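Here's the structure we're looking at; comments come further down.
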Amino acid sequence: MVRFISRRGIPECIISDNAKTFIAGAQERTTLTTNILKAAESQRFLANNGIKWKFITQRAPWWGGFYERLVGLTKRRLKKSIGNASLTYIELLTLLTEIEAVLNSRPLTYPYTDINDGPPLTPANFLCGHRLTNLPEAFDDEEDPKYLPNQSCAKDLSKRDKHRQKMMHNFWKQWQREYLTSLREQHAGNAKAPLTGETVAKGKVVLIHDSKPRSQWKLGVIVEVHPGKYGIVRAVTLKTANGNLLSRPIEKLYPIEVSSDNIEPNTPPSGIDTGKDTEKEETRPTRAAARKAAERIKALSGLDEDF
């Protein structure tokens, strides 16, 4: 927490699950705040901005889905990118910092009425007030006149750096693919189901899946939809920020993370048992024995309407 506050500033609220570690941490934080109040004037600022620490409801893991989703995607992609490679602490720290920049550069929503008005809002806009970019990856150092690999370890350093860049590139490709899929799951509820006309509508800003350098996302506004033979939208025409018109299938389009048709954050995802069987009871088909019993009762009672 000390490192986070030093880098990002004092948070207003911290949200975490009910793990014993976090609960103990919250109690420790309260003790720390009390001690700071008794310290010098220069230390009172932190205490006077009392941080609220909230816990999600017990037995409701989907309430933390908005952060657990990104954590899960990052851990799986990072594991596959590194594989069995052995990294030094500095190399791992650099890689994680670059990954942090990638995650905080993803587009959240588009606040403008015109695609040419400006870039989309990203988490970095709220964290540091501007977009995050990475240094260009240099693979042609030998052509640089200032590059003098006279040291005995120069080749090793260059090899290690290229290996780190390769791992970061692999992470970006894999994370982008899985993140885009998760966006479609969030909005459509089923990644295999085709996007409907309600999802793909004229005037909506969407992400265009394309081969772009990492941390660069291509946005477009739908200017025309092209229904297929049975009235289902299969392709659209988009206008990009530079004014170009593109024709793309809906399989290459993804909704932005924050939009008006997002699912409710407290809605449990499919496959999680909430302890309620009301939905199953409402959708369960009537058994043959029950239907026969209803018909028998109807015949005995002489009712004309449906039982």
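In the working numbering, the protein residues as written are 24 to 330. Note that beta-carbon positions come from the ideal geometry of N, C-alpha and C, so glycine has one too. The model shown is predicted, which means the values in this text are computed figures rather than measured ones.
(request) Give the C-beta separation of Val223 and Leu276 to the nearest angstrom, bearing in mind that I take them to be a contact with Cβ-Cβ under 8 Å. (result) That belief holds up - the Cβ atoms of Val223 and Leu276 are roughly 7 Å apart, short of 8 Å.
(request) Starting from Leu96, follow the alpha helix (DSSP H) in both directions and report where the run begins and ends. (result) From DSSP, the alpha helix (DSSP H) with Leu96 extends over Gly88 to Ile105.
(message) Contact defined as beta carbons within less than 8 Å: I believe Asn193 pairs with Ser128. What is the distance between those atoms, to the nearest angstrom?
(response) With 8 Å as the limit, Asn193 and Ser128 do not qualify as a contact, their Cβ atoms being about 18 Å apart.
(message) Judging by CA-CA distance, which residue of Gly254, His249, Thr263 and Lys225 is the nearest neighbour of Lys241?
(response) In this structure, Thr263 is the residue among Gly254, His249, Thr263 and Lys225 with its C-alpha nearest to the C-alpha of Lys241.
(request) Could you tell me the boundaries of the alpha helix (DSSP H) in which Tyr15 lies? (result) Residue 15 falls outside the range modelled here, since the chain spans only 24 to 330, and no answer is possible.
(message) So if DSSP puts Ala147 in a beta bridge, which residue, or which two residues, is it bridged to?
(response) Partner(s): none; Ala147 has no beta bridge.
(message) Pull the bridge partners of Pro272 from the DSSP assignment, please.
(response) Answer by DSSP bridge pairing, in chain order: Ala258.
(request) Would you identify the three-state DSSP class for Glu318, choosing helix, strand or coil? (result) Here Glu318 sits in helix by DSSP.
(request) Run the CB neighbour count on Thr97, radius 10 Å, all protein chains shown included, and call it buried at 16 or more, exposed below. (result) Buried, since its Cβ has 16 or more Cβ neighbours within 10 Å.
(request) Taking all protein chains shown into account, decide if Arg32 is buried (16 or more other Cβ within 10 angstroms of its Cβ) or exposed. (result) A small fix is needed here, since residue 32 is Gly in this sequence, not Arg. Around the beta carbon of Gly32, fewer than 16 other beta carbons sit within 10 angstroms, so the residue counts as exposed.
(request) Could you check what DSSP says for Pro250 in three-state terms: helix, strand or coil? (result) In the structure shown, Pro250 sits in a strand (DSSP, three-state: E or B).
(request) Would you list the residues sitting across from Ile245 in a DSSP beta bridge? (result) For Ile245, the pairing in a beta bridge is given by DSSP as Leu261.
(request) From the DSSP output, in three-state form, read off Arg31 for me. (result) Helix at Arg31.
(request) Just tell me which of Thr117, Ser39, Ile113 and Tyr112 has its CA closest to the CA of Val94. (result) Answer by Cα proximity: Ser39.
(request) Alpha carbon to alpha carbon, how far is Leu230 from Ile245? Give it in angstroms, no decimals. (result) Each residue's alpha carbon lies about 10 Å from the other.
(request) Determine the direct distance from the alpha carbon of Gly88 to that of Arg257, and round the result to whole angstroms. (result) Rounded to the nearest angstrom, the two C-alpha atoms are 31 Å apart.
(request) Work out the CA separation of Glu123 and Asn148 for me, nearest whole Å. (result) So the alpha carbons of these two residues sit roughly 14 Å apart.
(message) On the DSSP letters alone, give me the boundaries of the beta strand (DSSP E) that Val228 sits inside.
(response) Annotation for Val228: the continuous beta strand (DSSP E) segment containing it runs Val228 to Ile231.
(message) To the nearest angstrom, how far is the alpha carbon of Ala250 from that of Glu274?
(response) It is Pro, not Ala, that sits at residue 250 in the sequence shown. Our two residues, Pro250 and Glu274, have alpha carbons roughly 14 Å apart in a direct line.
(request) Would you mind working out which of Lys185, Pro272 and Leu126 sits nearest Arg92, comparing C-alpha positions? (result) Looking at the Cα atoms, Leu126 is the closest of the given residues.
(message) What does DSSP give as the partner residue(s) for Pro278 in the beta ladder?
(response) Beta-bridge pairing by DSSP links Pro278 to Val229.
(message) Considering Cα atoms alone, identify which of Ile255, Thr117, Val259 and Lys252 is closest to Lys225.
(response) In this structure, Val259 is the residue among Ile255, Thr117, Val259 and Lys252 with its C-alpha nearest to the C-alpha of Lys225.
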